[in-house]
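Structure first, then comments.
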Amino acid sequence: MAEEVFVSPRKAGRIAVFLSGRGSNFRAIHDAILEGKICASVALVFSNVETAPGLLAARERGLETLYLNPKLFPDREGYDKEAVRQVRKRDVDLVCLAGYMRILTPYFCREFKHHCLNIHPALLPSFPGLHVQQKAIDWGVKFSGATVHFVSEDVDMGPIVIQAAVPVLQDDTEHSLADRILVEEHRIYPEAVRLFFDGRLEVRGRRVFIREA
Ligand code: GRF
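Quick note: the sequence shown uses the numbering used here, first residue -8, plus one each step.
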């Protein structure tokens, strides 16, 4: 069977950011858009947490926000179906997960295959899941870092777009390591989104190639 190849579109795209917390990665992406570094606009900032500081920041920036209460839905699939409907309604090209603390259903992942990115604060495939900075320290690795990857049905396991390594220092705490990784997150997530809308990401199986400009 021929290998499936995806090439990201070269266009002024529309982004939906999904977040559940402070939203610093959302702000980094939006700042890069405002600075003219990414040819895109934020069409929606979506959250499952009504009080997420990231939602507030989005409102202050004049962006459209939507909070969807998980308790109003019988199951996760019902929730994700409505989330997909809301995103589609706004003609979105790319969903950026930025600290979105809900596991997406296979339905959502299929709907946005090759059109959904996530940022993870470790060098995947090491340390998927939660509390990964502490896990990296406890394991004794000398480097950890950040990963931007396409979202697939297996949590934290989709094709890797960009990684940045960060040394783990002897006196690191979970927080000091997280802070150092976050600096890299804010650099590589906007960069990945920029490459996406410059039409430069080519996905072949598990591998993502960055095309020449
Ligand atoms: C980041 O560390 C990101 O890698 C992880 O969740 C955190 C979100 O931080 N997925 P913020 O809300 O973007 O500040």
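Even glycine gets a Cβ: it sits at the ideal position worked out from N, Cα and C.
Source: prediction; values computed, not measured.
Please confirm whether residue i and residue j have their CB atoms less than 7 Å apart.
i: Val159; j: Arg171; result: no
i: Ile179; j: Arg191; result: no
i: Leu115; j: Asp147; result: yes
i: Val83; j: Ala34; result: yes
i: Leu10; j: Gly90; result: yes
i: Gly53; j: Arg13; result: no
i: Ser(-1); j: Phe187; result: yes
i: Ala227; j: Thr56; result: With the chain covering only -8 through 204, there is no way to say anything about residue 227.
i: Asp129; j: Tyr98; result: no
Between the C-alpha atoms of residue i and residue j, what's the straight-line distance to the nearest angstrom?
i: Ser15; j: Val132; result: 26 Å
i: Leu63; j: Arg93; result: 15 Å
i: Val139; j: Pro65; result: 31 Å
i: Phe103; j: Leu85; result: 8 Å
i: Glu73; j: Arg198; result: 31 Å
i: Asp225; j: Ala204; result: Past the edges of the chain, shown from -8 to 204, lies residue 225, and the structure says nothing about it.
i: Pro61; j: Phe37; result: 12 Å
i: Ser167; j: Asp22; result: 24 Å
i: Phe17; j: Ala137; result: 15 Å
i: Phe134; j: Cys100; result: 30 Å
i: Ala173; j: Phe141; result: Just to set this straight, residue 173 is Leu in the shown sequence, not Ala. Going by the C-alpha atoms only, they are around 19 Å apart.
i: Gly4; j: Gly27; result: 13 Å
i: Gln161; j: Pro181; result: 30 Å
i: Glu51; j: Cys87; result: 19 Å
i: Lys80; j: Asp163; result: 45 Å
i: His208; j: Gly149; result: This structure cannot speak to residue 208, because the chain is shown only from -8 to 204.
i: Val(-4); j: Ser143; result: 15 Å
i: Trp69; j: Ile110; result: Correcting the residue type first, residue 69 is Gly in the shown sequence and not Trp. Cα to Cα, Gly69 sits roughly 25 Å from Ile110.
Assuming residue i and residue j form a contact by the criterion Cβ under 8 Å, report the distance between their Cβ atoms to the nearest whole angstrom.
i: Glu(-6); j: Gly196; result: 6 Å
i: Val194; j: His105; result: 6 Å
i: Ala183; j: Val152; result: 5 Å
i: Arg67; j: Thr96; result: 5 Å
i: Glu165; j: Gln124; result: 5 Å
i: Ile29; j: Arg185; result: 5 Å
i: Leu59; j: Asn39; result: 6 Å
i: Pro112; j: Ala169; result: 6 Å
i: Ala43; j: His177; result: Contact doesn't hold; Cβ gap of about 18 Å is too wide.
Is any heavy atom in ligand 2 found nearer than 6 Å to the beta carbon of residue i?
i: Pro0; result: The ligand content of the structure shown is limited to ligand 1, which means ligand 2 is not among them.
I'd like to confirm the pairing. Which residues does DSSP put opposite residue i in its beta bridges?
i: Asn109; result: Leu88 and His140
i: Asp189; result: Arg1
i: Val199; result: Val194
i: Thr56; result: Val36
i: Val204; result: Residue identity differs from the one stated: residue 204 is Ala in this sequence, not Val. Answer by DSSP bridge pairing: none, since Ala204 is not bridged.
i: Ala31; result: Gly4
Please check if any C-beta of chain B sits within less than 7 Å of the C-beta of residue i.
i: Gln161; result: The structure shown has no chain B; it contains just one protein chain.
Query raised in the report: Which ranges does the alpha helix (DSSP H) cover as unbroken runs of at least 4 residues, wholly within the stretch 111 to 173, from first to last along the chain?
Result: Those alpha helix (DSSP H) runs which fall completely within the stretch 111 to 173 and span 4+ residues are 123 to 130.
Query raised in the report: Enumerated in chain order, which unbroken segments of the alpha helix (DSSP H) with a length of 4 residues or greater are wholly contained in the stretch -4 to 27?
Result: If we require 4 residues or more, the alpha helix (DSSP H) runs fully inside the stretch -4 to 27 come out as 15 to 25.
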